[in-house]
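Following: one structure in structure tokens, then a few remarks.
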Amino acid sequence: MTRLLIILCSFVYLSQGINFNFFNTTDELLHIIANRIHHNYTEVSSKCAIHMIQWAESLAAMSAVAVQCKKSPVPMVCEQLRKKILKQNKYAAVQLDAFGKIPENLAGFTKLSMGDYDECVEITSPIHKDYRTQFCWAHLNIPWHKSLEDNSLIQAVDSCSDPTLDVKWSVCMPRSCSEKDIHNLLNLLPEHLEDGFVCRVSCRPTEIPYTAGFWIVMTLLAIVVGLAIFASIVDHYMQKNGEKYGLKKEPQGIMRYILCFSAVSNGRRIFAVPKSDKMVHGIDCIRFFSFTWVISGHFFGFLAMADNAYVLLNEMSKLYYHVWMNAYYSVDSFFLLSGTMLSYVFIGSSNKKSITKPGVWGLFYLHRYVRLTVPYAAYLLFYIVTLPHLNTGPNEVVGLEEIQSCGGVWWANMLYINNIYRRPQCLTISWYLASDTQMYVFSPLFLVPFIFSPLLGVLAVLVGLLLSISLTYYNVFTFDLPVTFMLARQSGNDLLLHRFMLYLYEAFYIRIIPFLVGIVVGYILLKTRTTKLVLKKGFVIAMWVAAVAISLSALLTPYHYQRGAYWTRFQRATYFAFGRLGWSLSIGWLIIAINRGYGGKKT
């Protein structure tokens with residue numbers, strides 16, 4: 001009941017606080033708006049103040065003419081005058097109508113009160129030609145620590161400190177008013193609410209210009225798509241009619257390069273599943289489930305748009321749902337696969353002589369950089385120029401704020417140091433590429449020893465694990481860091497969140513543990529490729545039981561911590577370091593087992 005009352009009162013006050021029927025007279029509304037603006041002129045721009053007063057006067061005029069002209073001595077003149085005033089000031093009532101109203105299902109924790117976007121942005125004033133309106137969101141400060149006492153999953157004290165708890169109320173305001181102006185106005189107008197009830201205001205763009213960069217990227221994209229269509233048609237024709245017209249199966253000259261764009265040949269190569277003893281089975285399956293896990297793990301971000309969020313929060317408090325709440329291990333699975341495949345391919349194709357050649361290492365790094373950077377840069381360009389044009393309508397596009405940063409820090413992405421140079425980031429999710437590339441840069445320190453001796457390789461990996469674990473303890477103790485992203489974000493402490501991401505979550509030297517385990521897994525797969533790995537049945541059963549138990553423990557251990565239980569710094573550091581080690585060993589065993597005949601009858 002407390003939860004319902006807090007939310008209900010918030011929306012009632014804000015929905016009715018600017019409605020002219022809320023005041024005793026229309027003059028009272030005009031007086032309050034004018035008085036608040038004039039006495040706080042330094043907080044609102046002059047143009048915005050003028051338009052707000054014009055709107056208030058039009059609302060007052062609309063209310064004043066709501067009389068019965070039949071009682072007037074000159075009813076015809078009265079009616080004509082009334083219609084004229086209504087026509088001139090109707091826009092003010094339409095603008096008010098475009099505001100968000102009290103939503104349904106408040107008891108279900110509805111956090112969104114959205115008015116009519118199209119109605120708002122189309123408003124014009126017949127008497128004030130420069131008067132146009134914009135659709136904005138007022139983000140409200142709701143004290144969740146009072147209303148969600150029975151659901152300790154949410155640790156934030158108010159809706160301002162956590163984007164997933166954001167309570168939004170839409171307002172339709174003059175375009176001459178900046179977000180800061182509207183924020184100040186909304187905190188000035190309601191007499192019934194405490195100061196700072198509106199955290200911030202975000203307005204939707206009214207016009208999105210097409211830049212030169214947009215047309216350049218679209219032109220390049222059109223050329224590539226055109227080449228792909230042309231190459232696919234030619235490729236298909238050559239495969240079907242090549243022999244008939246004496247065409248060679250292998251294209252010659254420039255045609256070889258054009259056919260590189262063929263969706264037919266490329267698609268065949270991508271989806272081909274060659275039967276070879278050199279294939280590592282299960283990798284694609286693990287990659288698929290990890291991708292799915294990553295996507296489903298981000299569902300919490302959609303809580304902001306839910307109309308039954310309280311039901312979802314209760315569901316999320318259940319133990320089994322913690323699999324999605326703690327989906328961070330999906331990223332560790334990718335790091336493990338990266339180390340496994342790198343070790344399997346590099347050690348298998350290298351020897352003591354080849355690793356002494358500078359050209360080998362030049363290609364080692366150049367191949368990685370070119371192969372990854374070309375599509376990465378192309379996507380980044382596409383992302384930067386197109387995302388703003390998707391940012392239409394009442395709701396914001398996720399990641400739009402990053403676009404403004406890309407112009408100054410794109411070079412950090414191209415150098416794969418954007419997880420280190422975080423002021424601010426461009427395409428935040430690309431931190432993974434930076435961390436993985438940094439692991440790749442230092443990978444020879446762990447790969448080369450295996451070429452000389454398995455013992456040297458294992459020792460090198462153990463040293464790497466020890467360093468990573470030690471640095472984890474150091475960072476957690478030094479900066480008093482939490483061990484989950486959700487708690488770092490809900491803290492409302494920007495510095496703590498920054499340190500968590502920089503020194504723990506995105507730091508390659510912290511996240512390298514599964515990568516190192518993957519190097520060992522790849523080496524084992526390589527050395528047992530031509531010889532049968534014989535393991536006793538009891539050992540296999542014990543390994544499977546241990547793998548399942550350790551992986552589930554890693555997933556579910558922070559269940560109570562996520563819901564408010566206190567962990568010391570030692571507990572947090574231990575979990576973050578050894579939880580990932582245990583998870584990596586479990587998935588590593590899974591890969592070895594299904595490739596060496598110990599994963600069931602199908603393997």
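Letter 535 of the sequence shown, counting from 1, is numbered 535 in the working numbering, and no numbers are missing. For glycine and all other residues, C-beta sits at the position ideal for the given N, C-alpha and C. Predicted, not measured: the structure shown is a model, and the values here were computed from it.
>> In whole angstroms, give me the CA-to-CA distance for Asn19 and Leu96.
In response: Because Asn19 carries a pLDDT of 45, less than 50, the predicted location of this residue cannot be relied on, and the following value inherits that uncertainty. Asn19 and Leu96: Cα-Cα distance of roughly 7 Å.
> Looking at C-alpha atoms only, which residue of Gly348, Thr124, Leu556 is the closest neighbour of Asn326?
Replying inline: Leu556
> Under a Cβ-count criterion, where at least 16 other Cβ atoms within 10 Å of its own Cβ denotes burial, should Trp361 be classed as buried or exposed?
Replying inline: exposed
>> Do Leu504 and Leu481 count as a contact pair if the criterion is CB distance below 8 Å?
In response: yes
> What residues are listed by DSSP as bridge partners for Ser443?
Replying inline: None; Ser443 has no bridge partner.
> Considering only residues of the same chain and omitting the five flanking positions on each side of Leu342, which have a CB-CB separation below 8 Å?
Replying inline: Tyr440, Ser443, Leu447, Gly518, Ile519, Gly522
> Does the Cβ of Ala542 have 16 or more other Cβ atoms within 10 Å, making it buried, or fewer, making it exposed?
Replying inline: exposed
> Do the region 548 to 562 and the region 494 to 503 meet, that is, are 3 or more Cβ pairs less than 8 Å apart?
Replying inline: no
>> My parser needs the alpha helix (DSSP H) runs of 4 or more residues fully inside the region 335 to 395; what are they?
In response: 358 to 390
> Can you round the beta-carbon distance between Ile208 and His389 to whole angstroms, since I take them to be within the 8 Å contact cut?
Replying inline: 6 Å
> With distances taken between CB atoms, is the gap from Tyr321 to Phe485 smaller than 8 Å?
Replying inline: no
> What do you get for Glu402, buried or exposed, if any count of 16 or more other CB atoms within 10 angstroms of its CB means buried?
Replying inline: buried
> Between which two residues does the beta strand (DSSP E) carrying Phe539 extend?
Replying inline: Phe539 -> not in any beta strand (DSSP E); alpha helix (DSSP H) instead, spanning 537 to 556.
> Based on the DSSP output, what are the partners of Ser170 in its beta bridges?
Replying inline: Trp137
>> Taking 6 Å as the limit between beta carbons, can you name the residues of its chain near Pro424, skipping five residues before and five after?
In response: Ser405
> How many Å lie between Ile420 and Pro394 at the Cα?
Replying inline: 34 Å
> Using the C-alpha atoms, what's the distance from Ile469 back to Leu188?
Replying inline: 52 Å
> By Cβ distance below 6 Å, which residues in the same chain neighbour Ser202 in space, the five residues on each side in sequence not counted?
Replying inline: Trp137
> So Cys335 and Arg511 are in contact, right, with Cβ under 8 Å, and what is the actual spacing, rounded?
Replying inline: Reading off the sequence, residue 335 comes out as Phe, not Cys. With a Cβ gap of about 6 Å, Phe335 and Arg511 count as contacting.
> How is Thr437 classed by DSSP in three states: helix, strand or coil?
Replying inline: helix
>> With a threshold of 8 Å between beta carbons, is Ile384 in contact with chain D?
In response: Protein chains in the displayed structure number just one, and chain D is not present.
>> Considering only their Cβ atoms, is the gap separating Ser333 from Ile587 smaller than 8 Å?
In response: yes
> Roughly how many angstroms lie between the CA atoms of Phe11 and Trp589, to the nearest whole one?
Replying inline: Confidence in Phe11 is poor, its pLDDT being 48 and thus under 50, which makes the residue's placement too unreliable to answer from.
>> Using only CA atoms, which one of Gln134, Asn105, Ala107, Lys129 lies nearest to Asp116?
In response: Gln134
>> For Phe364 and Thr373, I'd like the C-alpha separation in whole angstroms.
In response: 14 Å
> Where Arg268 and Phe382 are concerned, what is the direct C-alpha to C-alpha distance, given to the nearest angstrom?
Replying inline: 26 Å
> Of the residues Ile594, Arg569, Glu179, which one's Cα is nearest the Cα of Thr528?
Replying inline: Ile594
> Is Ala98 near Glu79, with beta carbons less than 8 Å apart?
Replying inline: no
> Would you call Pro174 buried or exposed, if buried means 16 or more other Cβ atoms sit within 10 Å of its Cβ?
Replying inline: buried
>> My output table needs one value for Val458: the three-state DSSP class, helix, strand or coil.
In response: helix
>> On the DSSP bridge list, what partners appear for Cys203?
In response: Cys136
> Ends of the alpha helix (DSSP H) at Trp324?
Replying inline: 322 to 325
> Near Val65, which residues of its chain fall below 7 Å by C-beta distance, leaving aside the five closest residues on each side in sequence?
Replying inline: Arg82, Ile85, Leu86
>> In the DSSP assignment, the alpha helix (DSSP H) including Arg511 goes from what residue to what residue?
In response: 508 to 527
> Excluding five sequence neighbours on each side, which residues of the same chain lie with their C-beta closer than 6 Å to the C-beta of Gly177?
Replying inline: It should be noted that the sequence gives Cys, not Gly, for residue 177. Once the five neighbours on either side are set aside, the close Cβ partners of Cys177 are Cys48.
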